[in-house]
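A short worksheet on the structure shown next.
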């Protein structure tokens, strides 16, 4: 269901069976040859993220939400303060901010039932971060019976990050934020179907939607490629000066 690298460990989130067995988090310290149970058993772990010494797990199970461990999964703490929707199906870390994507249940239209929540203190508290992240849905009004439209916050199934910029797959749309999730802009990508996964490889954004994959250069969103390798400048002194007919340069 979810898989990340945390330091030298592989961390896997799994799905619980209908009889509430298995599920939870498993950790491997030998590149997947062996796995050890690491808590949250009998829960669907839909998403994982790691930063500093913390592992975060997102679950849409009963009494789910976001959980945090700082001891390699030996113990977990539920951190849902301000997280009004605890059906968490995606997680992302950007700098010191943690983002949780939540599920909007069909037939339950509410401004609490979907979208993105943001934490600036490693999950201790959450705030809604849905400015601009809206979708239009058809709603059946039973009394009197008629079909109406209503603005709602969509299901956020996936994230992709590039520096401080964040893409989210929200229902059938891809949104972009350039200000840590304070505002979202619909990229108007011509995708069809539900956005299931996002990936940035080099200077290209890939979007998986149902049975198709789309790609778009980041430059189309005003994002220029930045080298991940820092440029190191050093002064070089030469002796004697001027050089002799033969000079050897050594670098420490």
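Numbering (our numbering), first residue to last: 329 to 580. Yeah, the Cβ is synthetic: ideal placement off N, Cα and C, and Gly gets one too.
Paired residues, beta bridge with residue i - DSSP
i	result
residue 417	DSSP, once it has assigned bridges, lists no residue as partnering residue 417.
residue 393	387
Three-state secondary structure (DSSP) of residue i
i	result
residue 452	coil
residue 461	coil
residue 409	coil
residue 422	strand
residue 445	strand
residue 330	strand
Boundaries of the beta strand (DSSP E) in which residue i is found, first to last residue
i	result
residue 427	425 to 430
residue 385	382 to 387
beta-carbon residue i near the ligand GDP non-hydrogen atom, thresh 7 Å
i	result
residue 456	Of ligands this structure carries none, so the ligand GDP is not represented either.
Closer than 8 Å to chain D by CB, residue i
i	result
residue 334	Among the chains of the structure shown, chain D does not appear; only one protein chain is present.
Contiguous beta strand (DSSP E) assignments of at least 3 residues, all confined to the region 481 to 562
Complete beta strand (DSSP E) runs here, min 3: 484 to 490, 493 to 498, 501 to 505, 523 to 529, 532 to 537, 540 to 545.
Segment contact flag, the region 407 to 421 with the region 482 to 497, C-beta cutoff 8 Å, min 3 pairs:
The region 407 to 421, when compared against the region 482 to 497, does touch it at the 8 Å Cβ threshold.
Curious, which full-length beta strand (DSSP E) runs of at least 3 residues does the region 333 to 379 contain?
Taking only runs of at least 3 residues, the beta strand (DSSP E) segments lying wholly in the region 333 to 379 are 337 to 344, 350 to 356, 373 to 379.
Does the structure place the region 393 to 405 close enough to the region 361 to 376 that three or more beta carbon pairs sit under 8 Å?
In short, these stretches touch, since the Cβ pair count reaches three.
Can you find at least 3 beta carbon pairs, one from the region 507 to 514 and one from the region 522 to 529, that sit closer than 8 Å?
Three or more beta-carbon pairs separated by less than 8 Å are not found between the region 507 to 514 and the region 522 to 529, which leaves the two stretches without contact.
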